[in-house]
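Notes follow the structure.
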Amino acid sequence: AQLVGTPRINLMKAERDNGLLHVEDSPIRIPFEGHEGEVPVSCQLGVRPEDIQPDSDGQFTGEIVLTEPLGVETVLHIKCGEQTLLSTQSGITHWHYGDEIRFNIVRQRLHFFDEEGSRI
1001 AQLVGTPRIN LMKAERDNGL LHVEDSPIRI PFEGHEGEVP VSCQLGVRPE DIQPDSDGQF
1061 TGEIVLTEPL GVETVLHIKC GEQTLLSTQS GITHWHYGDE IRFNIVRQRL HFFDEEGSRI
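Residues 1001 to 1120, numbered by my numbering, are exactly what the sequence shown covers, in order.
As structure tokens, then:
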């Protein structure tokens, strides 16, 4: 499963249970309601890098393991559990290797794929 874009979309195995999406190998739990009939219990969750947004009051925490300053934007590689997520930020950021970061995931823009990689 892939969507067009650079950097690549973050793809994570997830399980749906009691109104939450549990992302495999990470502490990420996302409230999930209203699409239960459309999305299988086991799926792949897709999150575009621009939809992982640093926020000092963010729901999730991770560690910066790489920064890629590209001029117009910076790509942050965030380790959260065993998952490494990509987040794009405008311009040059103040984040550095080893920094702890709090972030949110834009729930309204999640993408879902079945286990074979077909978009749901």
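For glycine and all other residues, C-beta sits at the position ideal for the given N, C-alpha and C.
Practice task
To the nearest angstrom, report how far apart residue 1097 and residue 1068 are at their CA atoms.
Solution key: Pairing residue 1097 with residue 1068, the inter-Cα distance amounts to about 10 Å.
Practice task
Tell me whether the beta-carbon of residue 1052 lies closer than 7 Å to the beta-carbon of residue 1105.
Solution key: Yes.
Exercise for the section: Please confirm whether any heavy atom of the ligand ATP lies closer than 6 Å to the CB of residue 1014. Expected result: The ligand ATP is not part of the structure shown, which contains no ligands of any sort.
Exercise for the section: Please determine if the segment 1081 to 1093 and the segment 1019 to 1033 are in contact, where contact requires at least 3 C-beta pairs separated by less than 8 Å. Expected result: Under the 8 Å Cβ criterion, the segment 1081 to 1093 counts as touching the segment 1019 to 1033, having at least three qualifying pairs.
Problem - Identity of the residue in 1092, 1043, 1063 and 1031 nearest residue 1111 by Cα - result: Residue 1111 has its Cα closest to that of 1043, out of 1092, 1043, 1063 and 1031.
Problem - residue 1107, DSSP secondary structure in three states - result: Looking at residue 1107 - three-state DSSP - the assignment turns out to be helix.
Practice task
Grab the span of the beta strand (DSSP E) containing residue 1030 for me, first residue to last.
Solution key: Unbroken beta strand (DSSP E) run through residue 1030: 1029 to 1031.
Practice task
Output the distance between the C-alpha atoms of residue 1056 and residue 1100, rounded to the nearest integer angstrom.
Solution key: Cα to Cα, residue 1056 sits roughly 10 Å from residue 1100.
Handout entry: Start-to-end residues for the beta strand (DSSP E) that takes in residue 1088
Key = Boundaries of the beta strand (DSSP E) harbouring residue 1088: 1083 to 1090, taken from the DSSP string.
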